[in-house]
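Trainee: My questions will all concern the structure given below.
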Amino acid sequence: MIHNYLNVRKRTEEIVQPLEIEDFTVQPIKDVSPPKWHLGHTTWFFETFILKEFKKNYKFYSIKFQEIFNSYYKSVGPHWVQADRGILSRPTVRQIIDFRHQIDEYMIEFLNTNNDPQVDKILTVGLEHEKQHQELLLMDIKYIFASNSIEIAYSDTDLLNELPNVVLEYIPIAGGLIEVGANENAFSYDNEKPRHTVFVGPFKLANRPVTNGEYLSFINDGGYDNPTFWLSDGWECKVVNIWQAPLYWKKIDDEWYEFTFKGWEKLNLKKPVTHISFYEADAFALWSGKRLPTEFEWECSTNMYNHAENLWEWTSSSYLPYPKYQREKGPFGEYNGKFMCGQKVLKGGSFGTPKNHIRASYRNFYHPEKRWQFSGLRLAENF
Numbered sequence: 020m021i022h023n024y025l026n027v028r029k030r031t032e033e034i035v036q037p038l039e040i041e042d043f044t045v046q047p048i049k050d051v052s053p054p055k056w057h058l059g060h061t062t063w064f065f066e067t068f069i070l071k072e073f074k075k076n077y078k079f080y081s082i083k084f085q086e087i088f089n090s091y092y093k094s095v096g097p098h099w100v101q102a103d104r105g106i107l108s109r110p111t112v113r114q115i116i117d118f119r120h121q122i123d124e125y126m127i128e129f130l131n132t133n134n135d136p137q138v139d140k141i142l143t144v145g146l147e148h149e150k151q152h153q154e155l156l157l158m159d160i161k162y163i164f165a166s167n168s169i170e171i172a173y174s175d176t177d178l179l180n181e182l183p184n185v186v187l188e189y190i191p192i193a194g195g196l197i198e199v200g201a202n203e204n205a206f207s208y209d210n211e212k213p214r215h216t217v218f219v220g221p222f223k224l225a226n227r228p229v230t231n232g233e234y235l236s237f238i239n240d241g242g243y244d245n246p247t248f249w250l251s252d253g254w255e256c257k258v259v260n261i262w263q264a265p266l267y268w269k270k271i272d273d274e275w276y277e278f279t280f281k282g283w284e285k286l287n288l289k290k291p292v293t294h295i296s297f298y299e300a301d302a303f304a305l306w307s308g309k310r311l312p313t314e315f316e317w318e319c320s321t322n323m324y325n326h327a328e329n330l331w332e333w334t335s336s337s338y339l340p341y342p343k344y345q346r347e348k349g350p351f352g353e354y355n356g357k358f359m360c361g362q363k364v365l366k367g368g369s370f371g372t373p374k375n376h377i378r379a380s381y382r383n384f385y386h387p388e389k390r391w392q393f394s395g396l397r398l399a400e401n402f
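Note that the sequence shown ends on residue 402 in this note's numbering; no numbers are left out.
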């Protein structure tokens, strides 16, 4: 467990290595947290839920950090307003790094003598939680970099690769009575439980996600100007936000460009379309004469071929509790359950998701208008 702990903590700091000190404090929109906040919050988790609870006579590194770096755990105490994380010039990045390293020292010392299985359970949750923030860091860094008027790049190459050059096909899947949800023998969040049986009718699923080139055809055909393809809320959202293309696309002299981790590049038609909302994905599907798969259709097809690790894929399913779902007791009950209203499920995983964090039962979720996450879509049709 110590080796795993150190590896996860090291990876988080590797992600922010390319940043300049000024990049750590920026918050362009409410959803995007300053990178330094992620560094502090993931450390707050271990201090709050392990050291303070299980280490004898432990004293907080800073009482004020308990408020600043608490995300939404109201049962733990007050937390800083999410939209105001970027107004804080203190603590400094250097102080937060010191906080991380100090807590790491305390954690290693404590774990060397720990034999409490409850600590091991919380430690596992904390490490999986930090892996989530590793992807969030990449999402937020990309938004921060794209917001600059001076062109900058995070990497020498884009982190999102082209799709394999395969002809689009729709694979028939028989469906039937299938088991969905988490395997009890491996780690999972409470929203993946309990494992249960559902009926899935026969359907067909695309053998790959939708590409930029295919999505561009939707744009060129007036897809963003035709309300008949859009849900009512989606059309209103499109109009209010003046959407005419996915996030990070812009048109210069009749040519489309996309902001990538490499900076602004000409739109690569072979890459999967990303940074689209559920509303855009649903509109594209209707324009195509297809539909989005349900989360259960997506999950029951994973054994036939791999369609994860590229982008999170929107499903038509609302984020709701499974039958006989039970929230975790205590503060961890706030982790997933209280968000089961008004959001949509995404399945799979992205290039930004740590590979050992990906599993078929994973239920990611976002509000239908969100676009800054690494989201794409795959089409389905009735069979």
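Just so you know, even glycine gets a beta-carbon here, dropped at the ideal spot from N, CA and C.
Entirely within the segment 39-68 and at least 3 residues each: give me those beta strand (DSSP E) ranges in chain order.
Mentor: Listed in chain order, nothing qualifies, since the segment 39-68 has no complete beta strand (DSSP E) run of 3 or more residues.
Trainee: Counting only beta-carbon separations shorter than 8 Å, does W63 have a partner in chain D?
Mentor: The structure shown contains no chain D, having only a single protein chain.
Trainee: Could you pull the start and end residues of the beta strand (DSSP E) that T31 belongs to?
Mentor: No beta strand (DSSP E) contains T31, which is instead part of the alpha helix (DSSP H) from I21 to I34.
Trainee: Assuming K285 and Y298 make a contact with CB atoms under 8 Å, what is their CB distance in whole Å?
Mentor: Going by Cβ atoms, the distance from K285 to Y298 rounds to 26 Å, so no, they are not a contact pair.
Trainee: Taking only the alpha-carbon atoms, compute the straight-line gap between S296 and T132 and give it to the nearest angstrom.
Mentor: Straight-line Cα distance between these residues: approximately 47 Å.
Trainee: Select from G356, N383, A379 and K71 the residue whose C-alpha is nearest the C-alpha of K363.
Mentor: K363 has its Cα closest to that of N383, out of G356, N383, A379 and K71.
Trainee: Please tell me whether V292 and N226 are closer than 8 Å, where the distance is taken between their beta carbons.
Mentor: No, Cβ-Cβ distance for V292 and N226 is not below 8 Å.
Trainee: Would F237 and E400 qualify as a contact pair, given that the criterion is a beta-carbon distance under 8 Å?
Mentor: Their beta carbons are not under 8 Å apart, which means F237 does not touch E400 by this criterion.
Trainee: Leaving out five residues before and five after Q46 in sequence, what residues of the same chain have Cβ atoms less than 6 Å from its Cβ?
Mentor: If we look at Q46 and ignore the five residues flanking it on each side, its Cβ neighbours are P53, R104 and G105.
Trainee: In or out: Q153 buried (at least 16 other Cβ within 10 Å) or exposed?
Mentor: Under this definition Q153 is a buried residue.
Trainee: Around the C-beta of T247, are 16 or more other C-beta atoms found within 10 angstroms, so that it is buried, or is it exposed?
Mentor: The residue in question, T247, is exposed, as its Cβ has fewer than 16 Cβ neighbours within 10 Å.
Trainee: Would you check if there are 3 or more beta carbon pairs closer than 8 Å linking the segment 337-350 to the segment 124-131?
Mentor: The segment 337-350, when compared against the segment 124-131, does not touch it at the 8 Å Cβ threshold.
Trainee: Specify, as a first and last residue, the run of the alpha helix (DSSP H) that E233 falls within.
Mentor: Element bounds for E233: N231 to N239.
Trainee: Among T62, E41 and H98, which one has its Cα closest to the Cα of K29?
Mentor: With distances taken between Cα atoms, K29 lies closest to T62.
Trainee: How about V229 and H215: do their beta carbons lie closer than 8 Å?
Mentor: Not in contact: V229 and H215 (Cβ atoms no closer than 8 Å).
Trainee: Residues in its own chain within less than 8 Å of A165 by CB, not counting five upstream and five downstream?
Mentor: Answer for A165: Y267 and F278, listed in chain order.
Trainee: Here's a check: name, in chain order, each residue in its chain whose Cβ is nearer than 8 Å to the Cβ of K49, leaving out the five neighbours to either side.
Mentor: Excluding sequence neighbours, K49 sits near Q101 and A102.
Trainee: For G371, does the count of other Cβ atoms within 10 angstroms reach 16, so buried, or fall short, so exposed?
Mentor: When all chains shown are included, G371 counts as buried.
Trainee: I'd like to know whether the C-beta atoms of L224 and I34 end up nearer to each other than 8 Å.
Mentor: Going by C-beta atoms, L224 is not nearer than 8 Å to I34.
Trainee: So if DSSP puts L196 in a beta bridge, which residue, or which two residues, is it bridged to?
Mentor: Partner(s): F218.
Trainee: Would you tell me roughly how many angstroms separate the C-alpha atoms of F402 and G308, rounded to the nearest one?
Mentor: Roughly 13 Å separates the two Cα atoms.
Trainee: Going along the chain, which residues of its own chain have a beta-carbon closer than 8 Å to the beta-carbon of L182, five neighbours each way excluded?
Mentor: So the list reads R227, P228, T230, K289, K290, P291 and N329, once near-sequence residues are dropped.
Trainee: Output the boundary residues of the beta strand (DSSP E) element that contains I271.
Mentor: Its beta strand (DSSP E) spans residues W268 to I271.
Trainee: Since F351 contacts V144 with CB under 8 Å, what's their CB separation in whole angstroms?
Mentor: Right, their Cβ atoms sit about 7 Å apart.
Trainee: Figure out for me which residue from H148, L365, F84 and I190 has the closest Cα to the Cα of I376.
Mentor: According to the sequence provided, residue 376 is His. The question's Ile does not apply to it. Measuring from the Cα of H376, the nearest candidate turns out to be H148.
Trainee: From what residue to what residue does the beta strand (DSSP E) around S251 run?
Mentor: Per DSSP, S251 belongs to no beta strand (DSSP E); it is in the alpha helix (DSSP H), S251 to N260.
Trainee: I need the straight-line Cα distance from E274 to Q114, nearest angstrom please.
Mentor: Each residue's Cα considered, the two are about 45 Å apart.
Trainee: Taking DSSP's pairing of strands, which residues face V364 in a bridge?
Mentor: DSSP lists F384 as partners of V364.
Trainee: Between N355 and N210, which are expected to be in contact by the criterion C-beta below 8 Å, what is the C-beta distance as a whole number of angstroms?
Mentor: Indeed they touch by this definition, with Cβ atoms about 4 Å apart.
Trainee: So who's on the other strand from K223, going by DSSP bridges?
Mentor: In the DSSP output, where bridge partners are listed per residue, K223 has P191 and E400.
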